[in-house]
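A.B. asks: Below is one structure. I have some questions about it.
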Amino acid sequence: MPQLIATNPEIVTMKTLVSPSLLAADFTDLRGQMEMINRSEADWLHCDVMDGSFVPNISFGFPVLQAVKRICVKPLDVHYMIVNPERYIEQTAQLGAMMMSVHYEACTHLDRTIHEIHMAGMKAGVVLNPSTPVHLLQEVIEDVDMVLLMSVNPGFGGQHFIENTISKVQRLRAMLANCGSSALIEVDGGVNGETAPRLVRAGVDVLVSGSYVFGDKDPLARIRELKYEKV
Ligand code: DX5
Ligand code: ZN
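Structure representation (C-alpha cells):
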C-alpha cells in the first residue's frame, strides 16, 4: 500500500497516488460509495469543503466529513476552498484528516497556517488557483508536504481541464528539484483518461478525480486506470 512517511513525505511508490473526489459521489448512497472506495485501489479520499465565499458554491462540512470518516478507511485529503481556513485546523485534526490543504489566495499568514497544521499533527498542502504562479510559493516551499495545482477554477466538479496546467506542473517540478524539496504535486480538476497520462509525464504525483471516477459505471476500473507508472 503506497503511503506517505510520517515525518518525511518522500514518495515510496513508483505509481501515481489516486484521490477520488467525494464531491462527485452519489450522496443518496454515501455508505455504498465509501464501501466502493474502501475496496478500490484509491490511496486517499479527496474532500472538497466550500464556503460560498471563497468560491461561488457550498459543498459540505464537518457533519458529512465525520460520517465519511466513520466508514472510509482511506486517509482523508481535505481541500479547503474557504476564506481563513486556519479557523478549522483543530477541528480538522480532531476529525482525523491526514492532509489539510489551504489556498494560497485565502491565507493572509500562510507561513503561520502551515506551521499550525503541522503542530496539529497533519500534513500541510498549499493550493494554487489556475491564475496564481508557482514562484509565489518560493518562501514556503521547503515547509509544505504537497502543492495542489488547480486545473480548473475551483468551485464545481465536471469542468474542462485548463491546458496551461501541464507547463505549470513542469515549472513546479523544476522548482522542487532546485530546492531539494520532496513535496508531492497534486492536480485537481478535469482529470480523466486523456489528461492524466500527460500530467504524469509532466511530473504529477497525486491525481484527484471526481466525475471521471464516480460518473462511470465501473469506478473501480477508472481508479485502477489512474494508477500510472511514474516516469
Ligand atoms: C473543484 C474541486 C474538485 C472537483 C473535481 O473545485 O476542487 O476536487 O471535485 O472534479 P472533476 O474531477 O469532476 O473535475
Ligand atoms: Zn478539490
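The opening residue of the sequence shown carries number 1485 in the working numbering; numbering runs sequentially from there. Just so it is clear, CB atoms sit at the ideal spot from N, CA and C, and this is done for glycine as well. The model shown is predicted, which means the values in this text are computed figures rather than measured ones.
What does DSSP give as the partner residues of G1664 in its beta bridges?
C.D. replies: Looking at the DSSP assignment, G1664 forms no beta bridge with any residue, so it has no partner.
A.B. asks: Helix, strand or coil for R1708 per DSSP?
C.D. replies: Of the three classes helix, strand and coil, the one that applies to R1708 here is helix, per DSSP.
A.B. asks: At a cut of 8 angstroms, does the segment 1512-1529 reach the segment 1564-1571 through at least three beta carbon pairs?
C.D. replies: No, the segment 1512-1529 is not in contact with the segment 1564-1571.
A.B. asks: Between the Cα of P1547 and the Cα atoms of A1661, E1519, T1576, E1589, which residue gives the shortest distance?
C.D. replies: The shortest Cα separation from P1547 among A1661, E1519, T1576, E1589 belongs to T1576.
A.B. asks: Which class does G1516 belong to by DSSP, given the choice of helix, strand or coil?
C.D. replies: Residue state, collapsed to three classes: helix.
A.B. asks: Give me whichever residues DSSP pairs with Y1564 in a beta bridge.
C.D. replies: Answer is V1533, V1586, bridged to Y1564.
A.B. asks: Closest to R1596 by C-alpha separation, out of Q1622, P1617, D1627, would be which residue?
C.D. replies: Of the listed residues, the one whose Cα sits closest to R1596 is D1627.
A.B. asks: Quick check on P1569: does DSSP put it in helix, strand or coil?
C.D. replies: Three-state result, P1569: helix.
A.B. asks: Among G1673, S1615, I1625, whose alpha-carbon lies nearest the alpha-carbon of V1608?
C.D. replies: One point to set straight first is that residue 1608 is Ala, not Val, in the sequence displayed. Checking every option, the nearest Cα to that of A1608 belongs to I1625.
A.B. asks: Would you please state the rounded distance, in angstroms, between the beta carbons of M1603 and V1552? I believe it to be under 8 angstroms.
C.D. replies: No, M1603 and V1552 are not in contact; Cβ-Cβ is about 24 angstroms, not under 8 angstroms.
A.B. asks: DSSP on P1681, reduced to helix/strand/coil?
C.D. replies: Here P1681 sits in helix by DSSP.
A.B. asks: Distance, Cα to Cα, H1644 vs A1508?
C.D. replies: Going from the Cα of H1644 to the Cα of A1508 covers about 15 angstroms.
A.B. asks: May I ask which residues mark the beginning and end of the alpha helix (DSSP H) holding A1551?
C.D. replies: Residues 1546-1555.
A.B. asks: Would you kindly work out how many angstroms separate the C-alpha atoms of T1649 and L1620, rounded to a whole number?
C.D. replies: Their backbone Cα atoms lie some 16 angstroms apart in a straight line.
A.B. asks: Which residues in the same chain as E1709 place their Cβ atom closer than 7 angstroms to its Cβ, once the five residues preceding and following it in sequence are excluded?
C.D. replies: If we look at E1709 and ignore the five residues flanking it on each side, its Cβ neighbours are G1677.
A.B. asks: Per DSSP, which one or two residues make a beta bridge with I1669?
C.D. replies: Bridge partners of I1669: V1631.
A.B. asks: Give me whichever residues DSSP pairs with P1504 in a beta bridge.
C.D. replies: DSSP output for P1504 lists S1693 as bridge partner(s).
A.B. asks: Please name the residue, chosen from E1713, S1635, C1556, that lies closest to T1679 on a Cα-to-Cα basis.
C.D. replies: Checked all of E1713, S1635, C1556; the closest Cα to T1679 is S1635.
A.B. asks: Suppose the cutoff is 6 angstroms on Cβ atoms and the five residues either side in sequence are ignored; what does the same chain contact list for M1485 look like?
C.D. replies: Residue placement at M1485 is flagged as unreliable, the pLDDT there being 36, under the threshold of 50; a coordinate-derived value is accordingly withheld.
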